[in-house]
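Here numbering that gives the first Met the number 0 is used: the first residue of the sequence shown is 0, the next is one more, and so on. For each residue, glycine too, the CB sits at the ideal point set by N, CA and C. Here the structure is a predicted model, which is why all the values come from computation and not from measurement.
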Amino acid sequence: MITTPQNILIRGVNWLGDALITIPAMRVLRERYPRSRMTLLIKAPLDTLFDGFDAVDEVIGFSVRKGIAGLPDRLRLIRRLRKSKFDLCLILPNSFDSALIPFLSGIPERTGFNRDGRGALLTRRIPPIAKGRGEHQAREYLKLILEETNTPEKLDFSLSPGPAALGWAKEQIAFLTPSDDTPLIGLNPGAAYGPAKMWIPERFSELGTRLFNGIGADILLVGGPSEIALCRNIARRISGEVLDLSGRTDLPQLAAVLSLCDLVVTNDSGPMHLASAVGTPVVALFGSTDPDATSPLGEHVILSKRMECAPCRERICPRGDMRCMKEIEVEDVMEAVIRLLPEAGESRDD
């Protein structure tokens with residue numbers, strides 16, 4: 000690696016949760032090279048989430064169509080990167096294409112994980128992340144930067160919502176008309192990866208009702224456009240105050256909304272990491288994935304029954320019974336909520 004690179008390109012990862020997990024690595028890179036110019040190259044719309052991110056000087060959002068149709072997109076991107084004259088590219092994704100673009104852009108130093116047959120495209124090859132090693136992915140990404148094996152004990156993964164998004168979020172929350180002592184609890188019942196990561200929808204409904212009746216909480220539902228029907232069905236079965244924002248937020252607005260919650264109950268997903276990044280306590284539900292590798296960073300409660308078949312990391316349960324998620328009872332989640340919210344309001348039944 001160049002002793003002191005002056006112009007660094009960070010090729011960001013492509014999924015929301017993964018992008019947030021890489022925040023500590025970007026912060027460590029900034030600490031190591033405080034005077035260097037740093038640019039984050041990341042797929043749209045993830046770029047909108049990093050507007051104002053203090054670890055980088057510039058954010059470039061891009062989109063590339065698949066197949067032959069994407070060739071003009073790639074050529075435009077390569078021309079833009081060539082003009083910027085980067086001297087180092089830190090390639091966070093594992094894909095061949097993510098290393099090919101920096102190579103064709105003529106960036107002299109290119110660091111990335113040595114996998115997917117792309118070793119010839121890299122000038123510094125890091126052994127790939129091995130699954131099942133019990134190490135969090137955030138620390139694995141740090142190995143792209145730190146040659147030594149020891150990584151910082153405490154990782155800074157914070158992300159602040161922008162003022163415009165925060166103003167919008169406060170307007171939405173105002174519809175619930177909560178009092179100062181009314182907890183606002185977010186529920187995120189979806190998972191873009193697949194149904195194997197999702198808790199039972201009926202239990203989210205039961206949980207929402209118990210949170211309303213038991214601790215006086217107002218309920219906020221969040222989800223992407225593909226999860227509108229899921230959230231609508233859950234909201235319909237909750238007896239209590241519910242604000243359903245599924246399909247109504249962009250990423251900055253979602254970050255802002257989650258920052259206003261007192262707590263979020265969520266499957267292992269991008270919004271789980273986003274809630275953690277904006278400083279909201281999280282009760283995270285894990286089944287098919289490995290909490291040791293992808294749990295939210297910080298002081299949260301992780302619920303995982305750690306079945307003998309887990310983590311299978313499959314999108315659809317190979318057994319067909321979703322046992323790893325069914326074993327998580329509503330009572331388990333309620334106890335976790337109370338643990339994180341000891342100051343929760345009195346029961347509405349009192």
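Please report the distance separating the alpha-carbon of residue i from that of residue j.
i	j	result
T2	L87	11 Å
D349	L273	At D349 the pLDDT is 41, less than 50, meaning the model places this residue with poor confidence; the figure from the coordinates comes in the next sentence. Taking the straight line from one Cα to the other gives about 35 Å.
T248	P224	9 Å
T38	A254	22 Å
S35	Q5	5 Å
I199	A283	14 Å
R81	F49	23 Å
E108	G193	37 Å
G246	I337	29 Å
L262	V281	6 Å
S204	L219	12 Å
F156	Y140	13 Å
K325	K304	9 Å
L175	R202	22 Å
I125	R318	35 Å
A362	T122	No information on residue 362 is available, as it lies outside the stretch 0 to 349 that the chain covers here.
R64	L40	16 Å
V264	G213	16 Å
M333	L145	40 Å
H135	D115	21 Å
L45	R138	21 Å
L154	N113	24 Å
R75	G69	10 Å
A276	L165	15 Å
P127	A24	16 Å
On the three-state DSSP scale, how would you describe residue i?
i	result
I59	strand
E134	coil
R305	coil
N13	coil
D243	strand
K169	helix
F372	This structure cannot settle anything about residue 372, because the visible part of the chain is limited to 0 through 349.
A43	coil
V331	A small fix is needed here, since residue 331 is Asp in this sequence, not Val. In this structure, D331 counts as helix in the three-state DSSP scheme.
L262	strand
R434	This structure gives no information on residue 434, because the portion of the chain shown stretches from 0 to 349.
F52	coil
G189	coil
I407	The question about residue 407 has no answer, for the chain in this structure spans 0 to 349.
V277	coil
I106	coil
I227	helix
I20	helix
T181	coil
R314	coil
M321	coil
M37	strand
Report all residues from its chain with a CB closer than 7 Å to the CB of residue i; omit the five preceding and five following residues, and keep chain order.
i	result
I77	I100, L103 and S104
A43	G60, F61 and S62
G161	D50, G51 and P251
A98	I90, R109, G111, R117, L120 and L121
V12	A18, T21, L91 and P92
T208	I237, S238 and G239
K142	I125
F95	D115, G116 and R117
Compute the beta-carbon to beta-carbon distance between residue i and residue j, rounded to the nearest angstrom, for a pair I have assumed lies under 8 Å.
i	j	result
L302	F285	7 Å
A195	I315	6 Å
N187	G222	7 Å
G297	L15	Wrong, their Cβ atoms sit about 17 Å apart, outside the cutoff.
N266	M321	About 12 Å; that fails the 8 Å criterion.
I184	L210	5 Å
A168	V256	4 Å
Check the Cβ-Cβ distances between residue i and every residue of chain C, and say whether any is below 9 Å.
i	result
I125	The structure shown has no chain C; it contains just one protein chain.
Can you list, in chain order, the residues of its chain with a C-beta nearer than 8 Å to that of residue i? Leave out the 5 residues immediately preceding and following it.
i	result
R312	K130, S287, T288 and D289
D331	L302
I7	L28, Y32, S35, R36, M37, T38, F85, D86, L87, C88 and L89
Excluding five sequence neighbours on each side, which residues of the same chain lie with their C-beta closer than 6 Å to the C-beta of residue i?
i	result
V329	R202, E205 and L206
A216	P182, I184 and L210
Across the segment 220-235 and the segment 289-304, are there enough close Cβ pairs to call them in contact, namely three or more that are closer than 8 Å?
Taking 8 Å as the limit for Cβ pairs, the verdict is that the segment 289-304 does not touch the segment 220-235.
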